[in-house]
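Asks: Sharing a structure with you now.
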Amino acid sequence: MYVLSECMEDFGLKQDEWLAGSSISAIDSNLIEELVDFGTFRHLALRAAEMANNPTIGLAIGQRLSLHSHGILGYAALNSATLRDAANLIESYISIRMPLVDVRSQSIDDNFVLMVEEKEPLGDVYQFLFDGLLLTLKNALLQLLPQLREHITVHFKTAPHPNFPYQSVFGDAVKFNEPFAGLSGPEHFMETAIPHANALAFQEAESLCRKAFEQIVQEHPLTTKTKKKLLEAPGQFPTLEVLASYFNMTPRTLHRRLKSEGTSYKQILDDVKLSLALAYLADSEMSIKEIAYFLGYDELSNFRRAFKRWHGTTPSEYRATQRDETS
């Protein structure tokens, strides 16, 4: 959020107007290491793109970020012995910097592939987030091994932004409408030694990454488990009572525990329904009535009201804007 706020300043936009309606009153350098919830992130990302009248603002953020911007995870990556060690590190601990995505490292033919996947549907902020994230990852790999510059291919699942100078930012090897989002390059680079790596510094930094990861898991264990259970059964969401039985506790105890984590069953269910609705409206051929029924609404009007409460637009308006952007 701090880097995004700097971009807003570059566009000559006022921070207080950008933050209006969010849970954050001001952003300064003290927030660099802070994570924000998805609702706040989504609100501020969309607000930034709207105020700047610039749908490529995610790429502007990616251009600003380096490994030094990513705290202890970036420091650990810089001190990794090889690119494979750095990739494994990012795969294990990406959630301490970006909890909305997973990174998977694998070999396909003679290439390494770093695949980036959303943990749950991101809907209308998918392209904003992945624009910045893929550019950040590319810059990170070049920071570790500058000789990769002519060998990295960047893969976008989305179509390109019209008139954006991709070649000047990414080089010639950038592909769109791909089956996955991520980066790829020759496999042999994975075993290349990273210059100036320090084994002791890596061990200390990796230990701090592990502690940060464990802290995140411990702070919101039931919220994470509840969301996971709900996403496992779209269209047949388990009730509070059924979830409580999964977790071997009473419904009252589950309610109390979720409240202590700053949320509730209803809030988590609404978040899951919204993320699924955004994905189905943007990427499926299901009718709005079918989506409403799939998400557990007997009446289409109830789904319309709920979606407008969550998103500020109707389902049909949102679907129309998504199709306009991809046409």
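For the sequence shown, my numbering begins at 336 and goes up steadily by one. By construction, the Cβ of each residue, glycine as well, lies at the ideal position given by its N, Cα and C atoms.
Please work out which residues of its chain come closer than 6 Å, Cβ to Cβ, to residue 649, disregarding the five sequence neighbours upstream and downstream, and give them in chain order.
Replies: As a working note, residue 649 is residue 314 in the sequence shown. So the list reads 639 and 643, once near-sequence residues are dropped.
Asks: Is it the case that the Cβ atoms of residue 398 and residue 348 are separated by a distance below 8 Å?
Replies: Locating residue 398 in the sequence shown gives position 63, where the first residue counts as 1. Locating residue 348 in the sequence shown gives position 13, where the first residue counts as 1. No, the Cβ-Cβ distance between residue 398 and residue 348 is not below 8 Å.
Asks: Taking the CB atoms as reference points, tell me whether residue 430 and residue 548 lie closer together than 8 Å.
Replies: Within the sequence shown, the letter at position 95 stands for residue 430. Within the sequence shown, the letter at position 213 stands for residue 548. Yes.
Asks: What is the DSSP secondary structure of residue 523, counted as helix, strand or coil?
Replies: For the purposes of this step, residue 523 is identified with residue 188 of the sequence shown, where counting begins at 1. Residue 523: helix per DSSP, three-state reduction.
Asks: Taking the straight line between their C-alpha atoms, what separation do you get for residue 581 and residue 565?
Replies: Walking along the sequence shown from the start, residue 581 turns up at place 246. Walking along the sequence shown from the start, residue 565 turns up at place 230. Approximately 12 Å between the Cα atoms of the pair.
Asks: By a C-beta neighbour count over all protein chains shown, 10 Å radius and 16 as the cutoff for buried, is residue 621 buried or exposed?
Replies: Looking up residue 621 in the sequence shown gives position 286. Exposed is the call here.
Asks: In this structure, does DSSP put residue 447 in helix, strand or coil?
Replies: In the sequence shown, the residue the question calls residue 447 occupies position 112. Residue 447 falls in the strand class under three-state DSSP.
Asks: Confirm, please, whether the CB-CB distance from residue 457 to residue 435 is below 8 Å.
Replies: Residue 435 sits at position 100 when you count from the first residue of the sequence shown. Residue 457 sits at position 122 when you count from the first residue of the sequence shown. Yes, these two residues count as a Cβ contact at 8 Å.
Asks: Any idea if residue 610 is buried or exposed, counting beta-carbon neighbours within 10 angstroms, 16 or more meaning buried?
Replies: Mapped onto the sequence shown, residue 610 falls at position 275. Result: buried.
Asks: In this structure, how does DSSP classify residue 348 when only helix, strand and coil are distinguished?
Replies: Taking the sequence shown and counting its residues from 1, the one referred to as residue 348 is at position 13. Coil, per DSSP.
Asks: When the distance is taken between beta carbons, is residue 447 closer than 8 Å to residue 519?
Replies: On the sequence shown, position 184 is the one that residue 519 refers to. On the sequence shown, position 112 is the one that residue 447 refers to. Result yes, Cβ atoms of residue 519 and residue 447 sit closer than 8 Å.
Asks: Where does the unbroken beta strand (DSSP E) through residue 490 begin, and where does it stop?
Replies: Residue mapping note: residue 490 aligns to position 155 of the sequence shown, counting from 1. The continuous beta strand (DSSP E) containing residue 490 extends over residues 488-490.
Asks: Looking only at its chain, what residues have a beta carbon closer than 7 Å to the beta carbon of residue 558, apart from the 5 residues adjacent to it on each side?
Replies: Residue 558 sits at position 223 when you count from the first residue of the sequence shown. Around residue 558: 593, 596, 598 and 603.
Asks: Whole angstroms is fine: what's the gap from residue 367's alpha carbon to residue 635's?
Replies: In the sequence shown, residue 367 corresponds to position 32, counting from 1. In the sequence shown, residue 635 corresponds to position 300, counting from 1. Its pLDDT being 48, under 50, residue 367 is placed unreliably in this model, and the value from its coordinates should be taken loosely. If you take the alpha carbons of residue 367 and residue 635, they lie about 42 Å apart.
Asks: According to the neighbour-count rule (16 or more other Cβ atoms, all chains shown, within 10 Å of its Cβ), is residue 393 buried or exposed?
Replies: In the sequence shown, residue 393 corresponds to position 58, counting from 1. Buried is the call here.
Asks: Does residue 537 pass the burial test, meaning 16 or more other C-beta atoms within 10 Å, or should it be called exposed?
Replies: Counting from 1 along the sequence shown, the entry for residue 537 is found at position 202. With at least 16 other beta carbons inside 10 angstroms of its own, residue 537 counts as buried.
Asks: When the Cα of residue 514 is compared with those of 600, 523, 493 and 507, which residue comes out closest?
Replies: Within the sequence shown, the letter at position 179 stands for residue 514. Checking every option, the nearest Cα to that of residue 514 belongs to 493.
Asks: In chain order, what residues of the same chain have a beta carbon less than 8 Å from the beta carbon of residue 641, not counting five sequence neighbours either side?
Replies: Walking along the sequence shown from the start, residue 641 turns up at place 306. Excluding sequence neighbours, residue 641 sits near 605, 608 and 632.
Asks: Just how far apart, CA to CA, sit residue 414 and residue 341?
Replies: Locating residue 414 in the sequence shown gives position 79, counting from the first residue. Locating residue 341 in the sequence shown gives position 6, counting from the first residue. In a straight line, the C-alpha of residue 414 is about 28 Å away from that of residue 341.
Asks: Using a 10 Å radius around the Cβ and a threshold of 16 neighbouring Cβ atoms, would you call residue 516 buried or exposed?
Replies: As a first step, residue 516 must be located in the sequence shown, where it is residue number 181. With 16 or more Cβ atoms within 10 Å of its Cβ, residue 516 is classed as buried.
Asks: Classify residue 656 as buried or exposed, calling it buried when 16 or more other Cβ atoms lie within 10 Å of its own Cβ.
Replies: Taking the sequence shown and counting its residues from 1, one reaches residue 656 at position 321. Counting the other CB atoms within 10 Å of its CB gives residue 656 a total below 16, which places it among the exposed residues.
Asks: Measure the CB-CB distance between residue 526 and residue 419 and report whether it falls below 8 Å.
Replies: Within the sequence shown, residue 526 is the residue found at index 191, counting from 1. Within the sequence shown, residue 419 is the residue found at index 84, counting from 1. Yes, Cβ-Cβ distance for residue 526 and residue 419 is below 8 Å.
Asks: Given a cut-off of 8 Å on the beta-carbon distance, is the pair residue 455 and residue 438 in contact?
Replies: Position 120 of the sequence shown, counting from 1, holds the residue named residue 455. Position 103 of the sequence shown, counting from 1, holds the residue named residue 438. Not a contact, by the Cβ cut-off of 8 Å.
Asks: If you count every other CB in all the chains shown that lies within 10 Å of the CB of residue 591, and 16 or more means buried, which is it?
Replies: As a position in the sequence shown, residue 591 is number 256, starting the count at 1. That one is exposed.
Asks: Using three-state DSSP, classify residue 367 as helix, strand or coil.
Replies: By one-based count along the sequence shown, residue 367 stands at place 32. Confidence in residue 367 is poor, its pLDDT being 48 and thus under 50, which makes the residue's placement too unreliable to answer from.
Asks: Return the Cβ separation of residue 535 and residue 561 in integer angstroms, given the expectation that the two are a contact with Cβ distance under 8 Å.
Replies: Here residue 535 refers to the residue found at position 200 of the sequence shown. Here residue 561 refers to the residue found at position 226 of the sequence shown. Rounded, the Cβ-Cβ distance is 40 Å, inconsistent with contact.
Asks: Using only CA atoms, which one of 460, 544 and 357 lies nearest to residue 375?
Replies: What you label residue 375 is simply residue 40 of the sequence shown in a count that begins at 1. Checking every option, the nearest Cα to that of residue 375 belongs to 357.
Asks: So who's on the other strand from residue 510, going by DSSP bridges?
Replies: Counting from one through the sequence shown, the residue named residue 510 turns up at place 175. DSSP lists 490 as partners of residue 510.
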